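Residue numbers (the numbering used here): 62 to 324. Ideal Cβ placement from N, Cα and C applies to all residues, glycine included. In this text, all values refer to a predicted model and were calculated from it rather than measured experimentally.
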């Protein structure tokens, strides 16, 4: 393991929030592993980063994480490197009624939004839970805390991300682990999310939303969450401002009516 070089891993780094998050961490002098399907965009991002700071190491991993065997292979490929922060940003949405949704698209969405995220989170926690400074950030959505009409399945996938990450954060705290788990919940952000979710070539954010954030703004919010002691970074639905919060879901802990924990 390369003890002198730590890396930040960002999935879904070929565009949008992931792309700008990679640039933001690079500006902090962080070596990067950037992951997505679009190799051309990843190479473009790598060139931009190295033009600004040629001393950094940027590793490109072009892979489709909706194929579960690729998820395990990605993590195995990164075993030789010392990782510091893992950001599960890859994911996409779908706007349609449950009755009419494209089930092939939904299957892919659930594999990426839920299965890949859980597997990568679990593997990272297993290896780094006792390493000082280690951080896991899972990107959920405002739709991971409220149900949006015509996006029920997408919201359910993001509720899973939110509850899984908040629960993991509680679990790590309870075991005095050094790794911190956090969840970012963006609201409307100008990316290609709207195109994919609505199955259209062009999506007008100005027409669809009165207020939205840019990818650069969300990347800055993610850094604020990274640097904080809080678990949740979310956009207020009232003010549309970014808030750092304690976990929002109720947590049972270990009261007498729960199943006893057997170690």
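- Taking 9 Å as the cut-off, the Cβ atoms of residue 242 and residue 197 count as close.
- The DSSP-derived three-state label of residue 285 is helix.
- Contact between residue 279 and residue 215 does not hold, since the beta-carbon distance rounds to 18 Å and is not under 8 Å.
- Secondary structure note for residue 146: its beta strand (DSSP E) is the uninterrupted segment 143 to 149.
- Of the candidates 281, 229 and 287, 229 places its Cα closest to the Cα of residue 310.
- The beta carbons of residue 152 and residue 200 sit closer together than 9 Å.
- Bounds of the beta strand (DSSP E) holding residue 92 are 92 to 97.
- Taken atom to atom, the span from the alpha-carbon of residue 129 to that of residue 83 is near 24 Å.
- Three or more beta-carbon pairs drawn from the region 182 to 196 and the region 136 to 146 are found closer than 8 Å, and the two stretches are therefore classed as touching.
- Distances from the CA of residue 96 to each of 231, 126, 114 and 116 were compared; the closest alpha carbon is that of 126.
- The Cβ-Cβ distance between residue 102 and residue 120 does not fall below 9 Å.
- Following the DSSP letters along the chain, one finds residue 77 inside the alpha helix (DSSP H) bounded by residues 77 to 88.
- Counting only runs of 4 or more residues that sit fully inside the region 199 to 226, no alpha helix (DSSP H) segment turns up.
- Looking at the backbone, the Cα of residue 218 and that of residue 165 are separated by about 15 Å.
- Taking C-alpha positions only, residue 99 is separated from residue 319 by approximately 46 Å.
- Distances from the alpha-carbon of residue 231 to those of 213, 110, 308 and 179 put 308 closest.
- Restricting attention to 124, 89 and 133, the CA atom closest to the CA of residue 113 is found in 89.
- Inclusion of residue 136 and residue 184 in the CB contact set at 9 Å is warranted, their separation being smaller than that value.
- For residue 67, same chain residues with a beta-carbon under 6 Å away, outside a window of 5 residues either side, are 143 and 145 in chain order.
- Annotation: the continuous alpha helix (DSSP H) that includes residue 186 extends over 178 to 189.
- For residue 169, there is no enclosing beta strand (DSSP E); the enclosing alpha helix (DSSP H) has its first and last residue at 164 to 171.
- Restricting attention to 235, 277 and 123, the CA atom closest to the CA of residue 104 is found in 123.
- DSSP, reduced to helix, strand and coil, places residue 304 within a strand of the structure shown.
- For residue 107, the enclosing alpha helix (DSSP H) starts and ends at 100 to 113.
- Within the same chain, and ignoring the five residues on either side of residue 306 in sequence, the residues whose Cβ sits closer than 7 Å to its Cβ are 291, 293 and 295.
- By DSSP's assignment, residue 67 forms a beta bridge with 143.
- Counting along the chain, residue 120 sits inside the beta strand (DSSP E) bounded by residues 119 to 123.
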